[in-house]
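Q: Chains A and B, in that order, are what the protein sequence lines are.
This note's numbering puts the first residue of the first sequence at 33, with every later residue one more than the last.
This note's numbering puts the first residue of the second sequence at 22, with every later residue one more than the last.
Built from N, CA and C at the ideal position, the CB exists for glycine as well.
Below: one structure in structure tokens.
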Amino acid sequence: MVELKNVSVAYNKGQNVIKGIDIKIEDGDFTFIVGASGAGKSTLIKLLLKEVDASDGSVMVNGYNLRTLKRNRIPKFRRTIGVVFQDFRLIPTMTVYENIAFVLRVINAPRSYIKKRVSYVIGLVGLQNKTKSYPTELSGGEQQRVALARALVNDPKLLIADEPTGNVDPELSHEIVGLLKAINQCGTTVVMVTHEHELVKHFGGRLININQGTVIYDDIIDGDDSYMEEDV
Amino acid sequence: MGIATTCVLTVSLLLVGVFSLFAMNVEILLTSIESKNEIVLFLKDDVVGDDIISAEQAIKNLKNIAVVEYYPREQALEDYIKQMEGYESVFEELRDDNPLPNAFNIQIKDTSLITETVDQMVSFEFTDSVKAPTDFATILNKLKNVVSVISIVLLVALVAVSIIMISNSTKASVYTRRREINIMKYVGATNSFIRTPFFFEGLFTGLVSGVGASVITYFGYTALMDIITNDISFWEIIGVVEPLPFDNIKYIVFAVYLCIGSVIGAIGSVVSTSKHLKV
């Protein structure tokens, strides 16, 4: 569960990037976060990953209070979250299998479990035939599916996808969001940041619209684009 | 870390090592020159027989005395005549009326205390006069002090430069792997988990550099000493002991190279990684 209460984030003195927002995302939810460039979406993601700290308010993620979380506890906290980035962030010197397996090596998982689990998630994203390929040998869509498999491999409670369709064509975008929806159906909470309103309208669900550091819309949409009217 | 870092570390170790060996040899040279300078204490004419033995004991009882050797007047005359080659007959008649005094050739432990020691010798009843290279000893001591200070300053500077060079080199190496580090942080890797491979890589690079520096130093030093000692008999000309043989210190040099190399390599690598861990 994600719960932000009256949260503000200030990078520079007096300059709030996030201004007293309240957001609650229940376990098992699928939430789109939209907003224009500079609206505060990236800062919100960094906040959820404890890459930046809130200057005010309380931040609870997966049962961890991020305002009081000590630095040495951050790795353990992050193991409860899977992250997918727009630029994939795959390690070019590792194969598809190694890119995914290394997440489990980080947490010292047994070798037999790594083999079993990695094979399972590779199958889930449909890349069984690419296990020995390197990222440079894959298309943008395939790379993003590897990134998705990597985010899923340690069975996270929360999956954060930061513009996951930003570097792929529209057809693949639908495929990727479809995969995220499927993952959500299995019980994983998914937060997807995007600026592609077409995708949001197509898939529907809960949507949070952020503008100038504040939440200007937070509701369920079902194919309509009424939320856009409130976007500045 | 690649070949560039290994080369930089090898060169850095060589700079420190070569300078240390140079400083050690200068120290040996100065100590050798120092030991060649003797004090001569001339006895009064009336000091004879058992009084000479008592005088020797009194001198030995002084704190700063290393060696005391009695030098009888007869021996002094013999040596003098030998030195006057071709004019021996002129001095032969001196054997009947030897004008030279009995003396002690004395070596002291610490030449920086030569003035005090000479003053103590002069105060003895049996002392006629004392001939001591006080000015030379003072200059030599000043020279030794200057060499020591310069050695320490240069050594510290060289080590500092080496660390900076290694740090920059490893930074570049770590920078190329920042994406890997960044991803590790996002998936929940601890700092120690991330640092460990960099630590061992740095350690290994340091050890390889240490071996490289040891081999270069061994062959370089041996070749240089062969040239100096064989071709121009440099050490005989200045009348001091030979330079420090490398065989005597090779294990120490190798150990120091390996230790400094591995420590600098490992620390440089870990420190350079730290910047990318703040995610």
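If contact is defined by three or more beta carbon pairs under 8 Å, each pair taking one atom from either stretch, is the stretch 60 to 67 of chain A in contact with the stretch 210 to 219 of chain A?
A: Touching, yes.
Q: For Gly70(A), which residues in the same chain have their Cβ closer than 7 Å to its Cβ, ignoring the five residues on either side in sequence?
A: The residue you call residue 70(A) lines up with position 38 of the first sequence. Correct list: empty, nothing qualifies.
Q: Determine whether the Cβ of Glu201(B) lies closer than 8 Å to any Cβ atom of chain A.
A: Taking the second sequence and counting its residues from 1, the one referred to as residue 201(B) is at position 180. Yes, because at least one Cβ of chain A sits closer than 8 Å to the Cβ of Glu201(B).
Q: Answer yes or no: do Gly72(A) and Ile55(A) have a C-beta to C-beta separation smaller than 8 Å?
A: Translated into the one-based positions of the first sequence, residue 72(A) becomes position 40. Translated into the one-based positions of the first sequence, residue 55(A) becomes position 23. Contact flag unset, no.
Q: Is it buried or exposed, Val229(B), if we count other Cβ atoms within 10 angstroms and call 16 or more buried?
A: As a first step, residue 229(B) must be located in the second sequence, where it is residue number 208. The residue is buried, with at least 16 neighbouring Cβ atoms inside 10 Å.
Q: Which residues, taken in chain order from the stretch 106 to 119 of chain A, show a beta carbon closer than 9 Å to some beta carbon of chain B?
A: Under the 9 Å Cβ criterion, the stretch 106 to 119 of chain A contributes Ile106, Pro107, Lys108, Phe109, Arg110, Arg111, Thr112, Ile113, Gly114, Val115 and Phe117.
Q: Given a cut-off of 8 Å on the beta-carbon distance, is the pair Ala68(A) and Asn199(A) in contact?
A: By one-based count along the first sequence, residue 68(A) stands at place 36. By one-based count along the first sequence, residue 199(A) stands at place 167. In this structure, Asn199(A) does not lie closer than 8 Å to Ala68(A) by Cβ.
Q: Apart from the five residues just before and just after Val274(B), which ones in its own chain have a Cβ nearer than 7 Å to its Cβ?
A: One-based indexing of the second sequence puts residue 274(B) at position 253. Within the same chain, Val274(B) has close Cβ partners Gly38, Ser235 and Thr238.
Q: In whole angstroms, what separates the C-alpha of Lys164(A) from that of Val116(A)?
A: The sequence position of residue 164(A) within the first sequence is 132, counting from 1. The sequence position of residue 116(A) within the first sequence is 84, counting from 1. Whole-angstrom Cα-Cα distance: 21 Å.
Q: When you compare only the Cα positions, how much space is there between Ile80(B) and Leu62(B)?
A: For the purposes of this step, residue 80(B) is taken as residue 59 along the second sequence, with counting starting at 1. For the purposes of this step, residue 62(B) is taken as residue 41 along the second sequence, with counting starting at 1. Approximately 10 Å between the Cα atoms of the pair.
Q: Ordered along the chain, which non-local residues of its own chain (more than five positions away) have a Cβ less than 6 Å from that of Val264(A)?
A: Here the question's residue 264(A) lines up with position 232 in the first sequence. Residue placement at Val264(A) is flagged as unreliable, the pLDDT there being 41, under the threshold of 50; the coordinate-derived value follows with that caveat. Excluding positions up to five away in sequence, the list reads Asn243.
Q: Please determine, among Ile171(B), Phe125(B) and Val168(B), the residue with the shortest C-alpha to C-alpha distance to Ile88(B).
A: Reading the second sequence from its first residue, position 67 is the one you call residue 88(B). Sequence check: residue 88(B) is Val here, not Ile. It is Phe125(B).
Q: Of the residues Tyr272(B), Leu298(B) and Thr226(B), which one's Cα is nearest the Cα of Thr31(B)?
A: Within the second sequence, numbered from 1, the residue matching residue 31(B) stands at position 10. Of the candidates Tyr272(B), Leu298(B) and Thr226(B), the one whose C-alpha sits nearest the C-alpha of Thr31(B) is Thr226(B).
Q: Does Val208(B) have its Cβ less than 8 Å from a Cβ in chain A?
A: As a working note, residue 208(B) is residue 187 in the second sequence. True, the Cβ-Cβ gap to chain A drops below 8 Å.
Q: So for Lys164(A), helix, strand or coil by DSSP?
A: As a first step, residue 164(A) is located in the first sequence; it is residue number 132 there, counting from the start. Lys164(A): coil per DSSP, three-state reduction.
Q: Give, in chain order, every residue of the stretch 125 to 143 of chain A whose Cβ lies closer than 7 Å to some Cβ of chain B.
A: Within the stretch 125 to 143 of chain A, the qualifying residues are Val135, Val138 and Ile139.
Q: Under 8 Å by Cβ, that's how I've got Leu64(B) and Leu98(B) pegged, so tell me the actual separation to the nearest angstrom.
A: By 1-based counting over the second sequence, the position of residue 64(B) is 43. By 1-based counting over the second sequence, the position of residue 98(B) is 77. That pair is no contact at about 15 Å.
Q: Going by DSSP in three states, Lys100(A) sits in which element: helix, strand or coil?
A: Counted from its first residue, the first sequence places residue 100(A) at position 68. At residue 100(A) the sequence reads Thr, which differs from the Lys that was named. In the structure shown, Thr100(A) sits in coil (DSSP, three-state: anything other than H, G, I, E or B).
Q: Helix, strand or coil, according to DSSP, for Phe120(A) in the structure here?
A: Within the first sequence, the letter at position 88 stands for residue 120(A). Note: Phe120(A) maps to coil in three-state DSSP.
Q: So, does the stretch 37 to 47 of chain A touch the stretch 161 to 177 of chain B, judging by three or more C-beta pairs under 8 Å?
A: Taking 8 Å as the limit for Cβ pairs, the verdict is that the stretch 161 to 177 of chain B does not touch the stretch 37 to 47 of chain A.
Q: Starting from Met313(B), follow the alpha helix (DSSP H) in both directions and report where the run begins and ends.
A: Outside the displayed span of chain B (22 to 300) sits residue 313(B), for which this structure offers no information.
Q: Give the interface partners of Phe214(B) over in chain A, defined as CB-CB distance under 7 Å, in chain order.
A: Position 193 of the second sequence, counted from the start, is the residue given in the question as residue 214(B). Per Cβ cutoff of 7 Å: Val138.
Q: Name the two residues that bound the continuous alpha helix (DSSP H) containing Val223(A).
A: On the first sequence, residue 223(A) is found 191 positions in, with the first residue counted as 1. Here Val223(A) belongs to no alpha helix (DSSP H); instead the beta strand (DSSP E) covers Thr221 to Val225.
Q: So if DSSP puts Glu35(A) in a beta bridge, which residue, or which two residues, is it bridged to?
A: Numbered from its first residue, the first sequence carries residue 35(A) at position 3. DSSP lists Lys56(A) and Met92(A) as partners of Glu35(A).
Q: Taking only beta-carbon positions, decide if Thr211(B) is within less than 8 Å of chain A.
A: Within the second sequence, the letter at position 190 stands for residue 211(B). So, interface residue.
Q: Show which residues of chain A have a CB atom less than 7 Å away from the CB atom of Ile204(B).
A: Numbered from 1 along the second sequence, position 183 holds the residue referred to as residue 204(B). Near Ile204(B) (Cβ distances below 7 Å), the residues of chain A are Arg121 and Ile123.
Q: Based on Cα-Cα distance, which residue from Phe145(B), Met105(B) and Val170(B) lies nearest to Val47(B)?
A: In the second sequence, the residue the question calls residue 47(B) occupies position 26. Closest option to Val47(B), Cα to Cα, is Val170(B).
Q: Considering Thr246(A), what are the terminal residues of the beta strand (DSSP E) in which it resides?
A: Residue 246(A) sits at position 214 when you count from the first residue of the first sequence. First-last of the beta strand (DSSP E) with Thr246(A): Thr246 to Ile253.
Q: What would DSSP say about Gly70(B), mapped onto helix, strand or coil?
A: Numbered from 1 along the second sequence, position 49 holds the residue referred to as residue 70(B). Gly70(B): coil per DSSP, three-state reduction.
Q: Between the Cα of Ile73(B) and those of Thr159(B), Ile202(B) and Thr148(B), spot the shortest distance and give me the residue it belongs to.
A: Here residue 73(B) refers to the residue found at position 52 when the second sequence is read from its first residue. Per the Cα distances, Thr148(B).
Q: Are the Cβ atoms of Leu176(A) and Ile208(A) separated by less than 8 Å?
A: As a first step, residue 176(A) is located in the first sequence; it is residue number 144 there, counting from the start. As a first step, residue 208(A) is located in the first sequence; it is residue number 176 there, counting from the start. Rather than Leu, the amino acid found at residue 176(A) in this sequence is Gln. Closer than 8 Å, so yes.
Q: Have a look at Gly231(B) and Cys280(B) and give me their C-alpha separation to the nearest angstrom.
A: Here residue 231(B) is taken as the residue at index 210 of the second sequence, counted from 1. Here residue 280(B) is taken as the residue at index 259 of the second sequence, counted from 1. Those two C-alpha atoms are separated by around 8 Å.
Q: Quickly, what does DSSP pair Leu191(A) with across the bridge? List them, please.
A: Sequence index remark: in the first sequence, residue 191(A) carries index 159 (1-based). Answer is Gly114(A) and Val222(A), bridged to Leu191(A).
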